[in-house]
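Residue numbers (my numbering): 10 to 388.
In this text, a Cβ means the ideal position worked out from N, Cα and C, and glycines have one as well.
These numbers come from a predicted model, not from an experiment.
All remarks here apply to the structure that follows.
Here it is, written out as structure tokens:
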């Protein structure tokens, strides 16, 4: 009888081996599998394989999304080709092609491209991107503003803009405005110019304006030049001079005689004396459809009782009439008015109200705080 040795394995002798995983030779299956795996890997693994495991993955190939475009600089062994000059290419790239390409960039990227070389600067200045510029509530230097205007702008908004002088006197750019300017819409509401001569130069170069706003401007000693420049815009249809200081009778005459196609005019709360108001009332064209003359600082400016004897240049509708009244003449010159605002003019009376009622196309009439009119007359 052959006796076999029995190996009793308990948790005391081998605490890390689970019960029921022992063969008849007393070896655990777990240890046998581990030994076999280690021996197999040791035979197949060489030094190059170990180096591959230790190497970090290539970011370009390992993390690349399938099908994604990758941009890289093309490296060529051939000669360098300059696409902008004829010396290296045979024929230069047409400038209009460069302008068309740069026109698809926004203003920030276009400025970065223009800063690279003179050729791109000249081409970028002709892009249609510069047709509209918004400088609302910003601070710009006068030379920077001149650069903007020389890029053939059509629409420019400068409301609440602060235009300062160039701070570096030792390196002042030698640039000047190129006349005529291409502006058609200009907003100078409450704009502040450190150098008032720049405002005069801008207005002098504008001859194609269709809409102009000079709200809150103090024309001062330059009122005559600015009003004459406004009158040079024959196609001007919208003019906002509300709260503008400095317009006199001569300036009003130049505006009315030059702006023959004006339709909307705002003169509310401007420092207009009586003679200036009479000039406006007597010389406005019949194309006027919307007029705002509310709140004249001189409360006696708009008066329908004072004879029209101070006006030196006016039209006559009837040679027999010797005396004209301001409101009556306004109705006579502007029969196509649709909206009229004469608020805060205390000297307008019932007589003026009767003239206003003769306007056939009038749609909106505002006479707020016109205390010269009795309330019963509105019924």
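Per-residue burial, residue i [other beta carbons within 10 Å of its own, 16 or more giving buried]
i           : result
residue 239 : buried
residue 304 : buried
residue 324 : Caution applies to residue 324, whose pLDDT of 43 falls short of 50 and renders its modelled position unreliable; the value that the coordinates give is listed next. Exposed, by the Cβ-count rule.
residue 244 : exposed
residue 242 : buried
residue 200 : buried
residue 288 : buried
residue 366 : exposed
residue 270 : exposed
residue 296 : exposed
residue 145 : exposed
residue 340 : buried
residue 256 : buried
residue 354 : buried
residue 387 : exposed
Residue span of the beta strand (DSSP E) that contains residue i, given as start and end
i           : result
residue 223 : Taken as a continuous stretch (DSSP letters only), residue 223 belongs to no beta strand (DSSP E), as it is neither H nor E.
residue 282 : Note, residue 282: premise wrong, no beta strand (DSSP E); not H, not E.
For residue i, three-class secondary structure by DSSP
i           : result
residue 297 : coil
residue 161 : coil
residue 289 : helix
residue 246 : coil
residue 387 : helix
residue 150 : strand
residue 127 : helix
residue 173 : strand
residue 379 : coil
residue 360 : helix
residue 108 : helix
residue 80  : Because residue 80 sits at a pLDDT of 49, beneath the cut-off of 50, its placement in the model cannot be relied upon, and the point is left open.
residue 166 : strand
residue 115 : coil
residue 353 : coil
residue 275 : strand
residue 368 : coil
For residue i, the residue or residues it bridges with in DSSP
i           : result
residue 140 : Answer is none; residue 140 lacks a bridge partner.
residue 373 : 348
residue 196 : 166 and 222
residue 145 : Answer by DSSP bridge pairing: none, since residue 145 is not bridged.
residue 190 : 215
Cβ-Cβ separation, residue j to residue i (assumed contact under 8 angstroms), whole Å
i           : j           : result
residue 298 : residue 356 : The Cβ separation is near 25 angstroms, so there is no contact.
residue 375 : residue 342 : Going by Cβ atoms, the distance from residue 375 to residue 342 rounds to 19 angstroms, so no, they are not a contact pair.
residue 223 : residue 250 : 6 angstroms
Where the alpha helix (DSSP H) through residue i begins and ends
i           : result
residue 259 : 258 to 267
residue 208 : 205 to 214
residue 339 : 335 to 342
residue 240 : 232 to 240
Interface flag, residue i vs chain C, CB-CB below 8 angstroms
i           : result
residue 123 : As a matter of chain content, chain C is missing from the structure shown, which is built from one protein chain.
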